[in-house]
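Residue numbers (mature numbering (1 follows the signal peptide of the UniProt record, and there is no 0)): -19 to -1, 1 to 653.
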């Protein structure tokens, strides 16, 4: 498994070979994962070695991917997941067969347009038998259809001098970087090498080893990970990047012009890591260092928990540090998600629900229980919004959605918030009557330690819960604790939870009543008596409660109400994107024209889907589709492909319209 890093190997990227055809192969998805085509049931990857060359002038990434497999059954084909890749050459070898090096292989590709992904079939002329070790090497180019890769011009960066490229793999987009068994059920080690301009630096979600100059004006950065990870945690970023040390184990990376400011915002990063590790005792933080890379504004999510290289949006870099909790969430993933991983995307709540719970336990330890409870209060609002969107009886409103669709197409907050509520319920019943022992904490540590470096489903989680209570309580109590968990109602059934948790606090109630008072006054000159509490609080979540309650009451508000609110609070000009996420959809719904220019600036500044999708949704729902198209066209080259696809889905309801915008985007790319 030695990564070949010579310039001779990298030069292979330019070679082309015969052996390709495209087909409508009668594909089937793997039995372990219904959004992967890889034949992982018969051939399981254990390691890969990825070499890529990043060409910013042509906006092209050329790659050679070498994958090492164990044959679980007799097999003569290798089926891998791909998307947005042009395959140029495939070879293979089988250890111990006396084969003369890598054997040229014919191959086919096939497309699943419904899921928006593809597969690669490599035909071995020599059969591999159960127990054999198989190696496949694939030479390819990442093309413009890749959903993972985002190219940014110098003008779209903070420094305005150098271009930038990064990847985003969740949920099933690692196949847009390299051919893989792209399923969380497969955990694998990897080595990587990235060649780029010597004016830039490259990073991956693996420990850096060495860098070398192997061609004029080029630098190759080498990485090696010995810790098992699922494919979706593969990550790359290339640009003008600088590093700042925060604490003994923590670092921040970003562009030189902003990295010092970001380091200041994250000055408590080491404290958060230590507090999370303390809560997860006796399971230690196994990844060594913890580094946050603050991406350019187009990054489509708040954070991505790539081990050793967490990606975060600059939208969380508020000077008041009101969104540093995103880092707490990504740090918690070091245990729930990265160490113990969901086996498939139906079980996403095992990653996200547990992580939200741990994040908020740490928030409570750092900022007090009322702070964490208000976070849960807001989370509960999103639970009901999503349940009402999908329907009470829909599988999508459960913690085990059964769709077989691309996970991006059915995204919601339910795995996060409803999953957190389920763990919170377990905490209530396990700790009832306990004064000294936190049995929920002990259970989580027991579960993580038992399944570390593995992928599991909720069935393993359920069995582990039963095992834990039998080992820690007497027979009668254990029987009672097992009987109190209706797994079918909590996990499988859609709709409301079988047990309703109360997250109200006096402060939350006060801000909810403030919203009611604005509705009651209907924009007349008088403000509510206690209106200044909004400006006086330093808890952003309380402000969000007011705005969220106003959004729910849109039909009871008037244009005069909006003008009064803006006069009192200046929401239109508030730089915190959490405010804009609620305020601008409200302004659009009530046609508050004074906010429109700022709303356009908002969707042109941030690429984070959480912030921009509600604005586009509001435009479409309020008969302003043409304006949504105008704003989208102005920003399509700024948005990450994942975000752009989500916006198209909102705007274009008909297939013909959808295809039209795809053609338009192709023309835009060709003119850049």
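Cβ atoms here follow ideal geometry from the backbone N, Cα and C, with glycine treated the same way.
Source: prediction; values computed, not measured.
Touching by the beta-carbon criterion (3+ pairs, under 8 angstroms), the segment 129 to 139 and the segment 80 to 98: In this structure the segment 129 to 139 does not lie against the segment 80 to 98, because fewer than three pairs of beta carbons, one per stretch, are closer than 8 angstroms.
Buried or exposed for residue 700, please, with buried defined as at least 16 other CB atoms from any protein chain shown within 10 angstroms of its CB. Outside the modelled stretch of the chain, which goes from -19 to 653, sits residue 700, for which no answer is possible.
Candidates 69, 459 and 527, of which the one nearest residue 490 by Cα: One-based indexing of the chain shown puts residue 490 at position 509. The shortest Cα separation from residue 490 among 69, 459 and 527 belongs to 527.
If you draw a straight line from the C-alpha of residue 494 to the C-alpha of residue 462, how long is it? Here residue 494 is taken as the residue at index 513 of the chain shown, counted from 1. Here residue 462 is taken as the residue at index 481 of the chain shown, counted from 1. Taking the straight line from one Cα to the other gives about 38 angstroms.
Output needed for residue 3: all residues of its chain with C-beta closer than 6 angstroms, excluding positions within five of it in sequence on either side, in chain order. By 1-based counting over the chain shown, the position of residue 3 is 22. Only weak support is given to the placement of residue 3: the predicted model assigns it a pLDDT of 49, under 50, and the value that follows is read from those uncertain coordinates. Around residue 3: 90.
Classification of residue 654 by the beta-carbon crowding that lies within 10 angstroms, buried from 16 upward: Any answer about residue 654 is impossible in this case: the structure gives the chain only from -19 up to 653.
Backbone CA spacing between residue 221 and residue 413 [nearest angstrom]: In the chain shown, the residue the question calls residue 221 occupies position 240. In the chain shown, the residue the question calls residue 413 occupies position 432. Straight through space, the alpha carbons of residue 413 and residue 221 are spaced by roughly 53 angstroms.
Which of the three DSSP states is assigned to residue 316 in this structure? Taking the chain shown and counting its residues from 1, the one referred to as residue 316 is at position 335. Looking at residue 316 - three-state DSSP - the assignment turns out to be coil, as it is neither helix nor strand.
Here's the rule: buried if 16 or more other CB atoms are within 10 angstroms of the residue's CB, otherwise exposed. What is residue 265? Working through the chain shown from its first residue, we reach residue 265 at position 284. Counting of Cβ neighbours within 10 angstroms places residue 265 among the exposed residues, the total staying below 16.
Do residue 163 and residue 17 come within 8 angstroms of each other at the CB atom, strictly closer than that value? For the purposes of this step, residue 17 is taken as the residue at position 36 of the chain shown. For the purposes of this step, residue 163 is taken as the residue at position 182 of the chain shown. At the C-beta level, residue 17 and residue 163 come within 8 angstroms of one another.
Residue range of the unbroken alpha helix (DSSP H) whose run includes residue 581: As a first step, residue 581 is located in the chain shown; it is residue number 600 there, counting from the start. Bounds of the alpha helix (DSSP H) holding residue 581 are 577 to 586.
Buried or exposed: residue 96, going by 16 or more other Cβ atoms within 10 Å of its Cβ? Residue 96 sits at position 115 when you count from the first residue of the chain shown. The residue in question, residue 96, is buried, as its Cβ has 16 or more Cβ neighbours within 10 Å.
Specify the secondary structure class of residue 610 as computed by DSSP and reduced to three states. Here residue 610 corresponds to residue number 629 of the chain shown, with the count starting at 1. Three-state DSSP puts residue 610 in a helix.
Ignore the nearest five residues each way along the sequence and tell me which others in residue 410's own chain have a CB closer than 8 angstroms to its CB. Sequence index remark: in the chain shown, residue 410 carries index 429 (1-based). Scanning its chain for C-beta atoms nearer than 8 angstroms, with the 5 sequence neighbours on each side dropped, one finds around residue 410 the residues 462, 465 and 466, in chain order.
Within 8 angstroms, do at least three Cβ pairs link the segment 62 to 78 to the segment 193 to 200? Not touching, per the Cβ criterion.
With a cut-off of 8 angstroms on the beta carbons, I'd call residue 31 and residue 111 a contact; round off their distance for me. The count along the chain shown starts at 1 and reaches residue 31 at position 50. The count along the chain shown starts at 1 and reaches residue 111 at position 130. By a beta-carbon distance limit of 8 angstroms, residue 31 does not contact residue 111. Their separation comes to about 27 angstroms.
In chain order, each beta strand (DSSP E) run of at least 3 residues that lies wholly inside the segment 213 to 269: If we require 3 residues or more, the beta strand (DSSP E) runs fully inside the segment 213 to 269 come out as 217 to 220, 223 to 226 and 231 to 235.
By the 10 Å Cβ neighbour count, where 16 or more other Cβ atoms means buried, how is residue 574 classified, buried or exposed? Numbered from its first residue, the chain shown carries residue 574 at position 593. Residue 574 should be labelled exposed.
Beta-carbon spacing of residue 325, residue 14 below 8 angstroms: Here the question's residue 325 lines up with position 344 in the chain shown. Here the question's residue 14 lines up with position 33 in the chain shown. Contact check for residue 325 against residue 14 passes: the beta carbons are separated by less than 8 angstroms.
Considering Cα atoms alone, identify which of 119, 589, 146 and 179 is closest to residue 156. Locating residue 156 in the chain shown gives position 175, counting from the first residue. Just measuring C-alpha positions, the residue of 119, 589, 146 and 179 sitting nearest residue 156 is 119.
Limits of the unbroken beta strand (DSSP E) element including residue 105: The count along the chain shown starts at 1 and reaches residue 105 at position 124. From DSSP, the beta strand (DSSP E) with residue 105 extends over 98 to 109.
Return the bridge partner residues of residue 85 from the DSSP annotation. On the chain shown, residue 85 is found 104 positions in, with the first residue counted as 1. In the DSSP assignment, residue 85 is bridged to 72.
Alpha carbon to alpha carbon, how far is residue 280 from residue 419? The residue you call residue 280 lines up with position 299 of the chain shown. The residue you call residue 419 lines up with position 438 of the chain shown. Each residue's CA atom was taken as its position, placing residue 280 and residue 419 some 38 angstroms apart.
Would you tell me roughly how many angstroms separate the C-alpha atoms of residue 447 and residue 459, rounded to the nearest one? Start at 1 with the first residue of the chain shown, and residue 447 comes out as number 466. Start at 1 with the first residue of the chain shown, and residue 459 comes out as number 478. Pairing residue 447 with residue 459, the inter-Cα distance amounts to about 8 angstroms.
Quick one: Cα of residue 184 to Cα of residue 215, how far? For this step, residue 184 is matched to residue 203 along the chain shown. For this step, residue 215 is matched to residue 234 along the chain shown. A direct Cα-Cα distance of roughly 11 angstroms separates residue 184 from residue 215.
In whole angstroms, what separates the C-alpha of residue 335 from that of residue 397? As a first step, residue 335 must be located in the chain shown, where it is residue number 354. As a first step, residue 397 must be located in the chain shown, where it is residue number 416. Residue 335 and residue 397 have their C-alpha atoms some 8 angstroms from each other.
Backbone CA spacing between residue 305 and residue 107 [nearest angstrom]: Translated into the one-based positions of the chain shown, residue 305 becomes position 324. Translated into the one-based positions of the chain shown, residue 107 becomes position 126. Whole-angstrom Cα-Cα distance: 54 angstroms.
Over what stretch of residues does the alpha helix (DSSP H) that includes residue 621 continue unbroken? Position 640 of the chain shown holds residue 621. Neither: residue 621 is in no alpha helix (DSSP H) and is coded neither H nor E.
Residue 52 - partner residues in DSSP beta bridges: For the purposes of this step, residue 52 is identified with residue 71 of the chain shown, where counting begins at 1. For residue 52, which the question treats as bridged, DSSP gives the partners 24.
Residue 486 to residue 395, Cα distance in whole Å? Here residue 486 is taken as the residue at index 505 of the chain shown, counted from 1. Here residue 395 is taken as the residue at index 414 of the chain shown, counted from 1. Distance between residue 486 and residue 395, taken at the CA atoms: about 22 angstroms.
According to DSSP, is residue 94 helix, strand or coil? For the purposes of this step, residue 94 is taken as residue 113 along the chain shown, with counting starting at 1. Taken through DSSP and simplified to helix, strand or coil, residue 94 comes out as coil.
I need the boundaries of the alpha helix (DSSP H) containing residue 451, first residue and last residue. Taking the chain shown and counting its residues from 1, the one referred to as residue 451 is at position 470. Per DSSP, residue 451 belongs to the alpha helix (DSSP H) from 439 to 453.
Assuming residue 288 and residue 208 make a contact with CB atoms under 8 angstroms, what is their CB distance in whole Å? Taking the chain shown and counting its residues from 1, the one referred to as residue 288 is at position 307. Taking the chain shown and counting its residues from 1, the one referred to as residue 208 is at position 227. Rounded, the Cβ-Cβ distance is 7 angstroms, consistent with contact.
Segment contact flag, the segment 242 to 253 with the segment 542 to 558, C-beta cutoff 8 angstroms, min 3 pairs: The segment 242 to 253 vs the segment 542 to 558: no contact.
Please classify residue 149 as buried or exposed, where buried requires at least 16 neighbouring CB atoms within 10 angstroms. Taking the chain shown and counting its residues from 1, one reaches residue 149 at position 168. Counting of Cβ neighbours within 10 angstroms places residue 149 among the buried residues, the total reaching 16 or more.
Integer-rounded CB distance, given that residue 516 should sit under 8 angstroms from residue 570: As a first step, residue 570 is located in the chain shown; it is residue number 589 there, counting from the start. As a first step, residue 516 is located in the chain shown; it is residue number 535 there, counting from the start. About 24 angstroms separates the CB atoms of residue 570 and residue 516; that is not less than 8 angstroms, and the two are not in contact.
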